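The structure appears right after this line, and notes come after that.
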Amino acid sequence: MNTLKKSIITSILFFCTLNSVQTWADTSQKEEASFQIWLDNFKVNASAQGISDETLNRAFKGITLNEKVLELDRRQPEFSSTFWQYFNRAVTEWRVKKGQELLQKNQALLTEVTKKYGVPERILVAFWGMETNYGSYTGNTPTIQALATLAYDPRRRTFFSHELISALKVIEKGYVTPTKMQGSWAGAVGQCQFMPSNYLRYAVDGDGDGKKDLWHSQADIFHSMGNFLQQLGWEKEVNWGREVKLPKHFNLAMADGKQQRSLDEWRKLGIKLADGREIPHSEMPIQAALLLPYDYRGPAFLVYHNFFVIKKWNNSTNYALAVGHLADRLIGRAPLSKKQPKNDKAMTREQVKELQERLTVEGYNVGKPDGVAGSKTRTGLRAYQAKKGLPIDGYPSVRMLTILQQNQH
Ligand code: CA
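Be aware that the sequence shown starts at 0, since it is given in numbering that gives the first Met the number 0, and climbs by one per residue.
In structure tokens:
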């Protein structure tokens with residue numbers, strides 16, 4: 000290519016790039032202007048809800064739209080992790096060992112908190128480990144800016160406007176300054192990652208200094224977590240659940256994580272502890288649901304009331320199992336009896352969507368195929384597996400997609 004041609008092409012490319020930068024800058028400027036108008040309105044509302052002008056001025060000083068927060072909120076992950084991928088990242092040997100050390104180190108404080116709220120020490124430490132790796136990472140996104148951005152965005156305006164008002168109240172009460180109020184991009188703060196509305200409702204001044212500091216005061220942090228879990232309905236002196244062993248040819252249709260039976264009934268159906276021993280008789284009539292977080296080759300759990308309390312903190316089965324299991328490991332209980340299979344592979348959104356479309360073709364209502372496997376997809380999959388005489392685990396996987404592909408040409 001001669002030099003002239005090269006330079007013409009370079010100029011065209013340069014012009015195109017410049018042009019798109021220009022367009023982007025225009026859009027961004029317009030968006031910022033619209034954000035500032037929204038913010039002015041929001042301040043009027045906040046003021047009507049009792050937030051002082053001084054707090055509003057301090058909190059919103061120089062605030063701009065945070066594009067990165069919007070980007071993170073709109074992101075759709077390409078893969079959805081499998082149970083094992085999630086679990087092995089959550090319950091690492093390091094996290095078990097570190098948690099055991101911290102359980103010892105904070106013994107006196109934890110005993111006091113457990114006595115007051117009825118939540119076991121190991122559960123508090125496990126939440127702490129899951130939320131911020133025991134306080135080592137609490138996030139550095141400015142909270143007011145993040146919440147203002149998300150409250151401005153129309154997608155979940157009501158929810159985030161409420162959280163933003165709560166965050167302003169937390170500042171107004173003097174628990175933290177606007178600059179020090181930093182956390183996750185979605186607005187969760189402190190070592191236990193409370194959303195500001197939970198901070199307002201459940202945080203406790205555990206060390207009695209007049210402030211509720213969820214970043215630096217270990218007593219405030221543990222008391223707040225204990226109080227939150229107690230208010231969510233934590234049942235004293237009962238565990239969250241346990242890993243169990245199913246008998247051969249067990250009807251997996253019962254393992255949907257919903258049907259409640261007493262431990263005695265489950266025992267009569269042949270379910271044993273993971274190590275093969277009998278489930279001990281309990282004086283308390285514990286109700287439990289049977290749960291398979293992976294496919295039929297993975298671990299099975301009997302989960303109790305407190306498991307569903309953990310899910311009220313974070314509505315994810317994998318999260319709740321990781322908190323419960325990590326807590327057990329902190330007091331030296333055994334690792335899971337099953338291991339991640341070698342061929343365990345995350346599904347792409349496209350694959351999940353194809354699975355949903357193929358189930359729809361088979362006549363199962365799984366909702367609109369969207370590439371995200373929810374409870375409708377699982378229920379549809381269970382029905383398909385039942386019809387085909389396959390183990391009814393309801394677990395969406397590449398393996399199940401292959402089976403569907405082979406059966407539909
Ligand atoms: Ca305090």
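All residues carry an ideal CB built from backbone N, CA and C; glycine is no exception. Model, not experiment: these values are computed from the prediction.
- For the pair A166 and P195, the CB atoms are nearer than the 8 Å cut-off.
- Of T131, R266, L291, the smallest CA-CA separation from H280 is found for R266.
- For L290, the uninterrupted beta strand (DSSP E) segment begins and ends at 286–290.
- Looking at the backbone, the Cα of G275 and that of V308 are separated by about 28 Å.
- L380 carries a helical assignment under DSSP once its states are collapsed to helix, strand and coil.
- Checking the DSSP bridge columns, you'll see L231 has no partner listed.
- For E356, the CB contacts under 6 Å within the same chain, skipping 5 residues up- and downstream, are P368 in chain order.
- Inclusion of F86 and N317 in the CB contact set at 8 Å is warranted, their separation being smaller than that value.
- If the five residues before and after P284 are omitted, its C-beta is found closer than 7 Å to the C-beta atoms of S261, all from its own chain and listed in chain order.
- Approximately 13 Å separates the beta-carbon atoms of Y198 and Q230; this is outside 8 Å, ruling out the contact.
- CA-CA distance, W184 to D263, rounds to 45 Å.
- Under the three-pair Cβ rule at 8 Å, the stretch 146–161 does not count as touching the stretch 124–134.
- Residues close to ligand 1 by the beta carbon criterion (under 7 Å to any non-hydrogen atom) are, from first to last along the chain, D204, G205, D206, G207, D208, G209, K210, K211, D212, S216, A218, D219.
- The residues G256, F300, V302, in chain order, have a CB closer than 6 Å to that of L290 in the same chain once the five nearest residues on each side in sequence are set aside.
- For A299, there is no enclosing alpha helix (DSSP H); the enclosing beta strand (DSSP E) has its first and last residue at 299–302.
- M346 has S79 as its beta-bridge partners, per DSSP.
- Residue environment: N65 is assigned as buried (16 or more neighbouring CB atoms within 10 Å of its CB, all protein chains considered).
- Around the beta-carbon of E120, 16 or more other beta-carbon atoms lie within 10 Å, marking it buried.
- Here G370 has R348, V351, K352 as same chain residues with Cβ atoms under 6 Å from its own Cβ, once five neighbours each way along the sequence are excluded.
- Among the bridge pairs identified by DSSP, T176 is matched with none.
- Counting other Cβ atoms within 10 Å of its Cβ, T81 reaches 16 or more and is therefore classed as buried.
- The DSSP assignment places 106–116, 120–131 as complete runs of the alpha helix (DSSP H) inside the stretch 105–143, in order along the chain (cut-off: 4 residues).
- Between the beta-carbon of D392 and that of L251 there is about 6 Å, and that keeps the pair under the 8 Å contact cut.
- Residue range 316–329 is occupied by the alpha helix (DSSP H) that includes V322.
- Distances from the CA of H248 to each of G225, R296, G207 were compared; the closest alpha carbon is that of R296.
- DSSP places D294 outside any alpha helix (DSSP H), giving it a letter other than H or E.
- Using a C-beta cut-off of 8 Å, the stretch 215–233 makes contact with the stretch 109–128, since at least three inter-stretch Cβ pairs fall below that distance.
- For K267, the enclosing alpha helix (DSSP H) has its first and last residue at 262–267.
- For K67, the enclosing alpha helix (DSSP H) has its first and last residue at 66–73.
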